[in-house]
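Undergrad: My questions all concern the structure below.
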Amino acid sequence: MERPRHQGMAKNTYMRWRLPLVCLLWEVAMIILFGVFVRFGPEADAHWEEEKQEMNVTSDIENDFYFRYPSFQDVHVMIFVGFGFLMMFLKRYGFGAVGFNFLLAAFGIQWALLMQGWFHSFKTGKILIGVENLINADFCVGSVCIAFGAILGKTSPIQLLVMTLFQVTLFAVNEYILLNLLHVKDAGGSMTIHTFGAYFGLTVTRILYRPNLEQSKDKQGSVYHSDLFAMIGTLYLWMYWPSFNSAISEHGDAQHRAAINTYCSLAACVLTTMAFSSMLQKKGKLDMVHIQNATLAGGVAVGTSAEMMLTPYGSLIVGFICGIVSTVGYVYLTPVLESRLHIQDTCGIHNLHGMPGLIGGIVGAITAAAATEDVYGKEGFIKAFDFTGSYKTWSPSVQGGFQAAGIVVSLVMAFAGGALVGGILKLPIWGDPADETCFEDDIYWEVPEEEESDAYHMHNPGDKPASP
Amino acid sequence: MERPRHQGMAKNTYMRWRLPLVCLLWEVAMIILFGVFVRFGPEADAHWEEEKQEMNVTSDIENDFYFRYPSFQDVHVMIFVGFGFLMMFLKRYGFGAVGFNFLLAAFGIQWALLMQGWFHSFKTGKILIGVENLINADFCVGSVCIAFGAILGKTSPIQLLVMTLFQVTLFAVNEYILLNLLHVKDAGGSMTIHTFGAYFGLTVTRILYRPNLEQSKDKQGSVYHSDLFAMIGTLYLWMYWPSFNSAISEHGDAQHRAAINTYCSLAACVLTTMAFSSMLQKKGKLDMVHIQNATLAGGVAVGTSAEMMLTPYGSLIVGFICGIVSTVGYVYLTPVLESRLHIQDTCGIHNLHGMPGLIGGIVGAITAAAATEDVYGKEGFIKAFDFTGSYKTWSPSVQGGFQAAGIVVSLVMAFAGGALVGGILKLPIWGDPADETCFEDDIYWEVPEEEESDAYHMHNPGDKPASP
Amino acid sequence: MERPRHQGMAKNTYMRWRLPLVCLLWEVAMIILFGVFVRFGPEADAHWEEEKQEMNVTSDIENDFYFRYPSFQDVHVMIFVGFGFLMMFLKRYGFGAVGFNFLLAAFGIQWALLMQGWFHSFKTGKILIGVENLINADFCVGSVCIAFGAILGKTSPIQLLVMTLFQVTLFAVNEYILLNLLHVKDAGGSMTIHTFGAYFGLTVTRILYRPNLEQSKDKQGSVYHSDLFAMIGTLYLWMYWPSFNSAISEHGDAQHRAAINTYCSLAACVLTTMAFSSMLQKKGKLDMVHIQNATLAGGVAVGTSAEMMLTPYGSLIVGFICGIVSTVGYVYLTPVLESRLHIQDTCGIHNLHGMPGLIGGIVGAITAAAATEDVYGKEGFIKAFDFTGSYKTWSPSVQGGFQAAGIVVSLVMAFAGGALVGGILKLPIWGDPADETCFEDDIYWEVPEEEESDAYHMHNPGDKPASP
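Protein chains in written order, with UniProt numbering: chain A, 1 to 468; chain B, 1 to 468; chain C, 1 to 468.
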């Protein structure tokens, strides 16, 4: 399964015809499929005026747009700026981090609109889309961004597009099994997005194992400024995570509650991350890798339960635990995964999305199983878990059991799908970089030459007095 | 029309009294004019309680603030962070890019509130403002930011303020002609903002042509970090463009639809930009200039039609085309414009706003002309194109014709206005930089001296082990 | 009161056990207190379905979440990105600026939810929280971020946590006195947040005076890139300030009006800041310190009055004055405060929050005192100042008097509280840095070693032609 070193030497990373061909052909395919299938949903269609009258809606403010658009924009920022900049910590891979993330996400949201549309918004032969579809497409792509974190710096843009194509497809299938067949609740995607995305990515990177990756070890660290850029990603993910977990919850109390729970969990997570980051380092200094990543684990881990009556203190407990688990993972587990299991996880997604995602699934199952009519109110109980129609007779413990089943299904899908896609990406036709040129923008990007005298370094000494 | 080289040598860029004088006097003028004319609109006035009863509004949520404020904030970010950071790609002009953009936009929004107010919100001797006016003021300033892109690095802050004063004025006139006299639809401003702004700026930079600009050629490129800062601008523009194009559309389906169309167009645009960026470069590498700019062309080009029934696949087609046109423009057209037509376009606004703006106007005209009652519904049709009052008898093809006329008017206004303002800015009293000090913050800004030992470069080698 | 120099030399900044202990113990305390006290408010609780029926609410859109969540997210960005990045201007303290701000704010919002909850949301033994509580918690922490600006670079993370604990407590007491006992209006917190936070922080830094701080003078400036990072903070504070000042105003016209007033004030402030920045410097060049800070003073200074009928031109006048006051403060007052009063104010918070906060309190008092039924309308007048119940008989001038009293109370609380907390922080057990290692990330953070050959400096000369 390992690549001989000399193979790496001879790699052809020339993208000139391959990348354009993939981009253009696939985009043409998108146009054709959109042309055949995608139309505006009733709330975005110009017939809305008549729709309103039929549905007895008295005000435009009842349009779903006003319930969800602000959250949508926050989620959008998380996908493009959040993930893009978080991965910018590598000293020589800033263009690749933000640029490839941009590329795969832009393709992924289109394909996700189709895949998720066929499963969830297909009516009389057409996919009818609205703001909720846009959010779900961004969510789906989020799981690809997560997987990208594991293979960051080691793949070509074509490989990323191929992975996106398959992962979005599998995501939609997994999501359909969970939400529709198993009647699982997972509004913030602990299982569908994080668990699935992380273990999918980890499996892919395992298949793509590079035994000689230490040849580019010097480029795998950060520099001062790249760490600051990465903090932009961290903070936007952290701040907008309440929007992420509440974006597609039911109108009203559920969205409100999901935001509060996530806010609480994330706040607690920061403190335990800082505590363990300092504690686990001999000199007691804080490590930016932990601050950039483990502080977010609390958001992942309430993804399933945030819209439930987890309560603020329950959220604090979850965040407390996840800050610890995630930081400990970075210090102890990641090196072991690489040396023993040959899993090279560039961004440590196992610590940020893998374990916290699993915790999130479990917390969700427990919270659902523990639900009572007393806590939720009679109507709230039915609404929260959608115990209507054929699920009318379900008890919380049954729901909890199915929630747990959802974790298992997501894991199985991730491992199987990751193995399949990893195998495909291993084909020697995608132009991936040699071991010694990993984590290096220069392979796929025009990188500006930089002379000291050009930029503001060593510039005009003595020109300016100290600022007041 | 060209400046002799020696003139550049002797330039006086001392701002100490000129800049303060302009800023203070103009701000005093704003205060006086606001004092005479500007008051709160009914939804922002404390009389709203009574207004509500009169208008039979039952809930505060019906206040326009809740329909538009989230979009307003997104637009606000686009103007100040989006444009400001996008222009930060130059290696030594970061302060000027973000700082001068801040200055001109802060002045421009005040003057725009007045100019647009006189044309559109003038009632019984007062301009009554609300959140929609704030959005429109930001829009108006957007066109100035675009023009700024053409002359970036080559003008003094006073010149920028003078240009802002005139351009906002002309923008408001042009907008009035289009929206009120020609009954043109242009919610996202393909014509009023982008076409007008771009060709205005290009005309100005033509008039200000510097034959010896190659003297500062070494400063006209980017460095690694400046390209990353610029990506912040790019991404915020890209992510929030759906808010831009939907911000002032009618409540309900129109806002909803405009956001979806823009989302789709932008996604497609990323893929064709990447494709052509790689294809047009010998080594097949991606160029950050294209990624930073051409990916946005899809948003520009659905500015007029986004609120119409363009449909998602229609949007994909527009985005597809514009990514190509814009990238090809950067590679082939910009050098020709400079060498043949003496148009020195620092940011390549012709590729990002000029051509896509024209395409946007044309797409809007076609989409309007192709509208049918079948597609829009009877009421939706009338509402979408405002075929009421004296426009009751208009057919879609008439509307399409007037839309096309709007493009022509915008171009004429841009060329004439740009020539006038370019002539004014050519006067030797504004303190513009010499050819050899263009693209250089040091002329107008206190730039911190930077010694290697101070910042984190070459710092503490061996102090820290590789991060985990 | 001054520390002898040799003491600085021997300082023990080892955080390994102290910091984790504080973080973990305090977070456990939060969990216990949240467990005992904090529950969802009625609009976030699953009983909302029943609540709606009781309260005769017909639509979920009436949930306070939809009135305030977009503003909440903007405020959230201001606290974590705004303040965090604004303080990143120091050349070697970027990790500390953004990281410690992150730490103290994450702890502070939890403690603020409790403290403010006991005072304002305590019902039948429980604190019932909703989105407004989240905003208020962020507000409260904002005052700690302000105080952090005064001591930036000179304290250990433990000191910051201790200060946060006390300052949040005192903030809540002061806020209770002002809002509940004195019936003061202060929606944007000119008094409760800015005046209190600034003078609290200045008192603390006075007590912690370091006579030998010139030993780290070389690190107290900025470098080119750190100034650009700081502009991210500036712009997000500037853009979202309208959300800050309107976030907790009454639904409807008050929120709408507060946003407009703040928008106007901030715009004017930019112009006078630029004017005086240029005017007060011999060479007439603009200074980034002023642009980064003084441009925001206009937002501070309308914090109290923004929701009142200040009117747009009134806002322009306030912004006009504050840009001048703040810039002049940076140039002339800050050096004097340090040399004469031994107040070492790293970020110049006296200029950005101190003086503008006082002005804001005064403007608020005047605007309240000048209110008439004619301007506000009969119902609007009562609603704006809450002249109901026992305040039914209050006149505007009484309200104005109490507003003025609020300023005095805030100042007294700030000085007394700051002295107390400063005294506690002076204890030699918190691990603060020595004079010569202030403003230096290396003390508390793992800082990546940076070799020129690693990052993109002096990289591949000749590899790339000038960009098109």
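Note that beta-carbon positions come from the ideal geometry of N, C-alpha and C, so glycine has one too.
None of these values were measured; they are calculated from a predicted model.
With 7 Å as the limit, tell me which residues of the stretch 102 to 114 of chain B have their beta carbon closer than that to any beta carbon of chain C; keep them in chain order.
TA: From the stretch 102 to 114 of chain B, only 102, 103, 106, 107, 109, 110 have a Cβ closer than 7 Å to chain C.
Undergrad: What does a CB cutoff of less than 7 Å around residue 43 of chain B pick up in its chain, not counting 5 residues either side in sequence?
TA: 63, 64, 65, 130
Undergrad: I'd like to confirm the pairing. Which residues does DSSP put opposite residue 445 of chain A in its beta bridges?
TA: The partner list for residue 445 of chain A (beta bridge, DSSP) reads B:286.
Undergrad: Compare the Cα-Cα distances from residue 445 of chain B to each of C:227, C:39, C:347, C:138 and report the closest residue.
TA: C:227
Undergrad: May I ask you to report which of helix, strand or coil DSSP gives residue 5 of chain B?
TA: Caution applies to residue 5 of chain B, whose pLDDT of 44 falls short of 50 and renders its modelled position unreliable; the model cannot decide the point.
Undergrad: Using the C-alpha atoms, what's the distance from residue 268 of chain B back to residue 240 of chain A?
TA: 26 Å
Undergrad: Buried or exposed, going by whether 16 or more other CB atoms sit within 10 Å of the CB of residue 26 of chain A?
TA: buried
Undergrad: Per DSSP, what kind of secondary structure is residue 154 of chain A in: helix, strand or coil?
TA: In the structure shown, residue 154 of chain A sits in coil (DSSP, three-state: anything other than H, G, I, E or B).
Undergrad: Please classify residue 128 of chain B: does DSSP put it in a helix, a strand, or coil?
TA: strand
Undergrad: Counting only Cβ-Cβ distances shorter than 7 Å, please list the residues of the stretch 167 to 182 of chain B near chain C, keeping chain order.
TA: none
Undergrad: According to DSSP, is residue 217 of chain C part of a helix, a strand, or is it coil?
TA: helix
Undergrad: Under 8 Å between beta-carbons, which chain A residues line up against residue 267 of chain B? List them in chain order, please.
TA: Counting only Cβ-Cβ distances below 8 Å, residue 267 of chain B has contacts in chain A at 106, 107, 109, 110, in chain order.
Undergrad: Does the stretch 366 to 385 of chain B come close enough to the stretch 397 to 406 of chain B to have 3 or more Cβ pairs within less than 8 Å?
TA: Between the stretch 366 to 385 of chain B and the stretch 397 to 406 of chain B, the count of C-beta pairs closer than 8 Å reaches three or more; the two stretches touch.
Undergrad: Since residue 257 of chain C meets chain B, which of its residues come closer than 8 Å, beta carbon to beta carbon?
TA: Result: 40, 44, 45, 46.
Undergrad: By the criterion of Cβ-Cβ separation under 7 Å, what are the contact partners of residue 448 of chain C in chain A?
TA: Taking a Cβ-Cβ cut-off of 7 Å, the neighbours of residue 448 of chain C in chain A comprise 221, 222, 223, 224, 227, given in sequence order.
Undergrad: From what residue to what residue does the beta strand (DSSP E) around residue 40 of chain B run?
TA: 38 to 40
Undergrad: Which residues mark the beginning and the end of the alpha helix (DSSP H) in which residue 382 of chain A is found?
TA: 378 to 385
Undergrad: Compare the Cα-Cα distances from residue 144 of chain B to each of B:125, B:196, B:398, B:184 and report the closest residue.
TA: B:196
Undergrad: At least one CB of chain A closer than 9 Å to the CB of residue 482 of chain B: is that the case?
TA: Examination of residue 482 of chain B is not possible in this model, given that chain B is present from 1 through 468 alone.
Undergrad: Taking only three categories from DSSP, how would you classify residue 222 of chain A?
TA: strand
Undergrad: Rank C:428, C:447, C:442, C:416 by C-alpha distance to the C-alpha of residue 166 of chain C and give the top, closest one.
TA: C:416
Undergrad: Taking residue 61 of chain C as the query, report the chain A residues whose CB atoms sit under 9 Å from its CB, ordered along the chain.
TA: Identification of chain A residues near residue 61 of chain C by a Cβ-Cβ cut-off of 9 Å yields 59, 61, 62, 66, 67, 251, 252, ordered along the chain.
Undergrad: Tell me the rounded alpha-carbon separation between residue 157 of chain B and residue 302 of chain C.
TA: 28 Å
Undergrad: In chain order, what residues of the stretch 117 to 148 of chain B put their CB closer than 8 Å to some CB of chain C?
TA: Residues are counted here when their Cβ sits less than 8 Å from a Cβ of chain C; for the stretch 117 to 148 of chain B these are 129, 130, 131, 134, given in chain order.
Undergrad: Within the continuous alpha helix (DSSP H) that includes residue 101 of chain C, where are the two ends?
TA: 94 to 120
Undergrad: Answer with buried or exposed for residue 341 of chain B, where buried requires no fewer than 16 other C-beta atoms within 10 angstroms of its C-beta.
TA: exposed
Undergrad: Step through the CB atoms of chain B and report whether any lies within less than 9 Å of the CB of residue 275 of chain C.
TA: yes
Undergrad: Quick one: which residues of the stretch 292 to 317 of chain A get their C-beta closer than 7 Å to a C-beta of chain B? List them in chain order.
TA: none
Undergrad: To which residues does DSSP link residue 235 of chain C through a beta bridge?
TA: DSSP lists no partner for residue 235 of chain C.
Undergrad: Taking CB distances under 9 Å as the criterion, tell me whether residue 244 of chain A reaches chain B.
TA: no
Undergrad: For residue 354 of chain B, which residues in chain D fall below 7 Å Cβ to Cβ?
TA: The structure shown has no chain D; the protein chains it does contain are A, B and C.
Undergrad: The ligand GDP heavy atoms versus the CB of residue 28 of chain B: any closer than 8 Å?
TA: The ligand GDP is not among the ligands present in this structure, which contains no ligands whatsoever.
Undergrad: In the DSSP assignment, the alpha helix (DSSP H) including residue 473 of chain B goes from what residue to what residue?
TA: Lying outside 1 to 468, the shown extent of chain B, residue 473 of chain B is not represented and no answer is given.
Undergrad: Just the C-alpha distance for residue 276 of chain C and residue 359 of chain C, rounded to the nearest angstrom, thanks.
TA: 19 Å
Undergrad: Using the Cα positions of residue 373 of chain A and residue 101 of chain C, report the straight-line distance between them to the nearest angstrom.
TA: 41 Å
Undergrad: Less than 9 Å separating the beta-carbons of residue 219 of chain B and residue 16 of chain B?
TA: Taking 9 Å as the cut-off, the beta carbon of residue 219 of chain B is found no closer than this to the beta carbon of residue 16 of chain B.
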